[in-house]
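J.: Residue numbers (the working numbering), protein chains in the order written: chain A, 60 to 399; chain B, 158 to 436.
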């Protein structure tokens, strides 16, 4: 493990040096919230965020994305794949929950016979620079799901805010390449590392009550017909914001957009919380009410996904809790399930 | 790795009207790439994702037999945006096809056994593929007796009349047709498929069955087959679900932890008994 130190005022310079070699996507304060945005100067990045409103998945799996173009030429239609920019990408300053979220969505996009190239083409060229959480939010519950405010999963490099400077922990070869030859770094002292460890313990300590998810997946397997589903969904208005903001939700729709010169095949975020999601051409809908749709969301995260990939599909970022218009709290749902 | 969403271009060589209502047509499709047209292999029961560029893409079961070389057939009912666009096509128009997807009917499990097929309405498509496959001279002796019970609302709604005429004349298939309500020219059975199935009472001795049809027909046919002695392992069903990708990514065709596009669409009744009733 390699530790470096960079003074905070030197960070823009470091980013500028990285921008020369990489496409850098970093948190930017939009005035309303923080959002991951491609930056052309290190000054644009703002690491003063609690978290970005949208999960980092939006960069590798954007809300709308052209996955195919069909040109209308003189010789008729001609299909073209959409190519990704040559330069490597860096997601700079993302939180541990989001870095872990990417490792989770890697599973469905890469597993099985079919690799989702619109995702993997970008993913393969992306390095992740994480930013440890000194002050977790009240809606955060990563520690209940095996994560931590200083978690390193999915990162190539992690920054820890020590006050006047950042401790930089280089975790992979990709992380090493990122800062190779960059000016302004110095070796970290034992005191710096000890300070980071202290901050990590303090951050962990900020989580008051830890949820129990021990045996949750196994329990849910026998709960498909449980009366709990009759109640849990009643407050839900089916807006789907929980899924759109979720770092691990990857359901999508595909549709065509036609212009005079081409047809664009676009994929866009969709959610199991919408009525039309499973509506069949015949008019039959296997998930006709909020009950079935809420059950699908919870079952997918805590039963189906773990069954397929061995991991719970929730990182505890708390976005769905924070942004739900009717204050539905997934932590309460988990508690209710565990108490059945 | 190439983009799995990239379809291959194909030409609609022939479009056949299938029913009186004229909302079901069979599209004979030929890949533009001659190598692909020759090499494309599939199993009865699999499906393709069909594109009409500008309207979108949808999953359609393959209705032709793998023994039909050089072309594919898809029987499509006009119900939505993509299928309406396809119904507006004329012969020679270009579409996109990707696939084949799904597991298909378990041919090997059927070999050496009597086969009972139960179909209703236009969902008969992939069973038609299976019938044509079994009846092919290269394959016929690998299977036992073949009983096909096929029903529709009215005589004019039965698809594949050209095949049905041919099958009725053959002695290596027992074809039982039925309609909910006949017309003046109809001399065959009248009644719902499960009722006719019960009357026909095909033996379950060394037999395997497959059902494809509307949910209500499936629901009432399973108990009949069970009563006839078919075990849950020997009742096969093909599920229908809304799909966007066909390759297990878009997240909407799951029944429990199974994806209909990858793990299905064909499941045994035994498998379905262990899955949530959400289909």
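Cβ coordinates follow ideal geometry from the N, Cα and C atoms, glycine included.
(1) Give me the residue from B:310, B:262, B:225 and B:192 with the minimum Cα distance to residue 178 (chain B).
(2) At a Cβ cut of 7 Å, what residues of the segment 200-223 of chain B count as close to chain A, listed as they run along the chain?
(3) Can the beta-carbon of residue 320 (chain A) be found less than 7 Å from the beta-carbon of residue 137 (chain A)?
(4) Leaving out five residues before and five after residue 247 (chain A) in sequence, what residues of the same chain have Cβ atoms less than 7 Å from its Cβ?
(5) Starting from the beta carbon of residue 310 (chain A), find every residue of chain B whose beta carbon is closer than 8 Å, and list them in chain order.
(6) Does the beta carbon of residue 289 (chain A) come closer than 7 Å to any beta carbon on chain B?
(7) The alpha helix (DSSP H) that contains residue 322 (chain B), what's its start and end?
(8) Give the range of the beta strand (DSSP E) segment to which residue 309 (chain B) is assigned.
(9) Quick test of the definition: if touching needs 3 or more C-beta pairs under 8 Å, does the segment 230-245 of chain A touch the segment 201-221 of chain A?
(10) Which residue comes first and which comes last in the beta strand (DSSP E) that contains residue 81 (chain A)?
(11) Would a check of beta-carbon distances place residue 236 (chain B) closer than 7 Å to chain A?
(12) Counting pairs of Cβ atoms below 8 Å between the segment 301-315 of chain B and the segment 271-284 of chain B, do you hit three or more?
(13) So that I know if they touch, is there some Cβ in chain A lying closer than 7 Å to that of residue 271 (chain B)?
(14) Where does residue 431 (chain B) land, buried or exposed, given buried means 16+ other C-beta within 10 angstroms?
(15) May I ask which residues mark the beginning and end of the beta strand (DSSP E) holding residue 439 (chain B)?
(16) Consider the Cβ of residue 436 (chain B): report whether some Cβ of chain A lies at a distance smaller than 7 Å.
(17) So is residue 122 (chain A) buried or exposed if we call it buried at 16+ other beta carbons inside 10 Å?
(18) As an exercise, report each continuous beta strand (DSSP E) stretch of at least 3 residues that is fully enclosed by the segment 86-172 of chain A, in chain order.
(19) Which partner residues of residue 327 (chain A) appear in the DSSP bridge assignment?
(20) Using CA coordinates, which residue listed in B:193, B:296 and B:358 is at the minimum distance from residue 304 (chain B)?
(21) Okay, do the segment 214-221 of chain B and the segment 191-204 of chain B touch, 3+ Cβ pairs below 8 Å being the bar?
(22) Exposed or buried, residue 319 (chain B), counting other C-beta atoms within 10 Å across all chains shown (16 or more means buried)?
(23) Pick out whichever of A:162, A:187, A:392 and A:111 has its Cα sitting closest to the Cα of residue 10 (chain A).
(24) Look at the Cβ atom of residue 119 (chain A), then the Cβ atom of residue 181 (chain A), and state whether they are nearer than 7 Å.
(25) In the DSSP output, what is residue 364 (chain B) paired with across the bridge?
(26) So residue 100 (chain B) packs on residue 315 (chain A), CB below 8 Å; how close in whole Å?
(27) Where does residue 224 (chain A) sit, in a helix, a strand or coil, going by DSSP?
(28) Helix or strand or just coil, what does DSSP make of residue 349 (chain A)?
(29) Looking at the C-beta of residue 182 (chain B), does it have a partner C-beta in chain A at a distance below 7 Å?
(30) Taking just the CA atoms, how far does residue 242 (chain A) sit from residue 370 (chain A)?
(31) Would you call residue 327 (chain B) buried or exposed, if buried means 16 or more other Cβ atoms sit within 10 Å of its Cβ?
(32) To the nearest angstrom, how far is it from the Cα of residue 353 (chain A) to the Cα of residue 160 (chain A)?
(33) Suppose you measure from the CA of residue 101 (chain A) to the CA of residue 416 (chain B); what does that come to, to the nearest Å?
(34) Per DSSP, what are the beta-bridge partners of residue 333 (chain B) in this structure?
(35) Are the beta-carbon atoms of residue 390 (chain A) and residue 204 (chain A) separated by less than 7 Å?
(36) Closest by CA to residue 346 (chain A), which one among A:206, A:140, A:397 and A:297?
T.: The structure says:
(1) Nearest of B:310, B:262, B:225 and B:192 to residue 178 (chain B), Cα basis: B:310.
(2) 210, 211, 212, 213 and 214
(3) no
(4) Counting only Cβ-Cβ distances below 7 Å, and skipping sequence neighbours, we find 62, 63, 64 and 226.
(5) 407, 408 and 409
(6) no
(7) 318-326
(8) 303-309
(9) yes
(10) 81-88
(11) Yes, contact with chain A.
(12) Taking 8 Å as the limit for Cβ pairs, the verdict is that the segment 271-284 of chain B does touch the segment 301-315 of chain B.
(13) no
(14) exposed
(15) This structure cannot speak to residue 439 (chain B), because chain B is shown only from 158 to 436.
(16) yes
(17) When all chains shown are included, residue 122 (chain A) counts as exposed.
(18) 93-98, 123-132, 135-139 and 147-153
(19) A:123 and A:312
(20) Ranking the options by Cα distance to residue 304 (chain B), first place goes to B:358.
(21) yes
(22) exposed
(23) Since the first residue shown for chain A is 60 and the last is 399, residue 10 (chain A) is missing from the structure and cannot be characterised.
(24) It is a contact, given that the beta carbons lie within the stated cut-off.
(25) Under DSSP, residue 364 (chain B) forms a beta bridge with B:271.
(26) Any answer about residue 100 (chain B) is impossible in this case: the structure gives chain B only from 158 up to 436.
(27) In this structure, residue 224 (chain A) counts as strand in the three-state DSSP scheme.
(28) helix
(29) No, its Cβ sits nowhere closer than 7 Å to a Cβ of chain A.
(30) 40 Å
(31) exposed
(32) 21 Å
(33) 45 Å
(34) In the DSSP assignment, the residues bridged to residue 333 (chain B) are B:306.
(35) no
(36) With distances taken between Cα atoms, residue 346 (chain A) lies closest to A:297.
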